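Following: one structure in structure tokens, then a few remarks.
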Amino acid sequence: MSTTPSTGPQTPGGMPPAAVPAKKSNVLLWVIGGCGGLILIVVIAVFGLGFWGMHKMKEAGFDTELAKKNPGLAGAKLAVAMNKDLEMVSSDDSAGTIVVRDKKTGKTSTMKFDPEKKTMVIVDESGKQATITASDSGNLEVKGPEGSFKMGASADKPPDWVPSYPGASPKNVYSASSEGEQTGTSGFTTSDAPEKVLSYYGDQLKSGGFKVSTTSNTTDGKVAGIVTAEDSASKRTVMVTASADDKGTNVSVTFSSKK
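Here it is in structure tokens:
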């Protein structure tokens with residue numbers, strides 16, 4: 030699969046929908062425990078853009094001086110300005126802070142950006158705090174009241190009960206953990222056919238005590254399929270998607286567990 034994170038595990042074309050773990054935006058809300066809600070989700074997107082793509086902001090034609098000094102703050106201002114559900118209450122460029130109101134809820138959150146440490150701290154009206162850290166290599170980590178979220182190479186590896194495909198070098202897309210709960214997605218590309226990949230995961234998961242269901246179809250001569258597996262006793266689920274393109278078979282593996 031592409032190593033660029035998507036909005037969540039993707040269903041191969043033509044496949045029926047399956048029960049899957051929450052999309053990353055929902056996982057983020059779960060981790061931050063309502064700390065800033067929409068405000069934090071919107072700002073995180075451009076906060077990352079601020080550190081990873083300042084030249085894009087220059088192309089957009091706004092406050093390039095602030096973008097040079099504090100790209101995260103500049104990105105946050107852009108995110109707020111572009112979202113009709115948010116409004117900026119106040120800002121202090123020298124302190125690196127911005128206060129934002131969610132128009133739907135009326136709640137405000139205060140954010141402070143540190144361009145040197147590449148971090149953002151957000152505190153809501155109730156005092157709940159979340160910290161977001163970005164890196165030049167494209168990694169993102171969020172620590173909130175309810176847990177943590179990691180995206181990119183820094184994401185946690187799948188647990189041992191998730192089968193590993195022979196010869197594959199999966200790249201972690203994201204992971205999230207909270208009290209007694211864990212979820213994550215990784216992916217890789219292989220020269221093996223989708224049928225072989227699906228069969229392998231189906232067999233491995235069955236032998237591991239999971240109840241397994243496999244669905245596949247063929248569109249324009251290309252096979253795509255899904256393996257869904259659940260171990261209700263241990264509260265574990267695994268979903269594997271495999272689809273072929275000109276570069277090989279793209280595989281996505283998503284897991285979740287509860288205690």
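Counting in my numbering, the sequence shown runs from 30 upward without gaps.
All C-beta atoms in this analysis are idealised placements derived from N, C-alpha and C, irrespective of residue type, glycine included.
Because the structure is a prediction, the values reported are computed rather than measured.
Query	Result
Helix, strand or coil at Asp122 [DSSP, three-state]	coil
Any beta strand (DSSP E) of 3 or more consecutive residues that is wholly inside the region 115–175	115–121, 126–131, 137–143, 148–153, 158–163, 169–173
Inter-residue spacing [alpha-carbon to alpha-carbon] between Ser245 and Gly173	38 angstroms
Opposing strand residues paired with Asn279 [DSSP bridges]	Thr218, Ser272
Sequence-distant residues of its chain with Cβ nearer than 6 angstroms to Ser207 (five each side left out)	Glu175, Gly176
For Lys97, three-class secondary structure by DSSP	helix
Nearest-angstrom beta carbon gap, Val256 and Leu227 [assumed within contact, 8 angstroms]	5 angstroms
Cα-Cα separation, Ser285 to Glu224	24 angstroms
Nearest-angstrom Cα separation, counted from Asn279 out to Gly216	7 angstroms
Three-state secondary structure (DSSP) of Ala110	helix
CB-CB length for Ser138 against Asp122, believed under 8 angstroms	Contact doesn't hold; Cβ gap of about 18 angstroms is too wide.
Extent of the continuous alpha helix (DSSP H) run through Asp232	223–236
CA-to-CA distance, Gln211 to Pro144, given in whole angstroms	30 angstroms
contact_flag[the region 155–174, the region 235–251] where n(CB pairs < 8 angstroms) is 3 or more	no
Top-ranked residue by Cα proximity to Gly213, from Ser204, Thr266, Val109, Gly135	Ser204
Rounded Cβ spacing between Thr219 and Gly277 (contact assumed at less than 8 angstroms)	6 angstroms
Closest by C-alpha distance to Leu115, when choosing among Val128, Ala124, Ala103	Val128
For Asn99 and Val252, the rounded distance between their alpha carbons	47 angstroms
Per-residue DSSP class, three states only, for Ala253	strand
C-alpha gap between Asp232 and Ile161, whole angstroms	39 angstroms
Local Cβ density within 10 Å of Lys106, reported as buried at 16 or more and exposed below that	buried
Reduced DSSP secondary structure (H/G/I, E/B, other) of Ala103	helix
Coil, strand or helix - Tyr194 by DSSP	coil
Cβ separation of Leu102 and Phe142, assumed to be a contact under 8 angstroms, to the nearest whole Å	4 angstroms
Beta-carbon contacts of Val118 that lie in its chain and below 8 angstroms, excluding the five residues immediately before and after	Val128, Val129, Arg130, Thr137
Rounded Cβ spacing between Thr266 and Ala258 (contact assumed at less than 8 angstroms)	7 angstroms
Rounded straight-line distance, which links the Cα of Ser120 to that of Thr148	17 angstroms
Delimiting residues of the beta strand (DSSP E) encompassing Lys200	200–207
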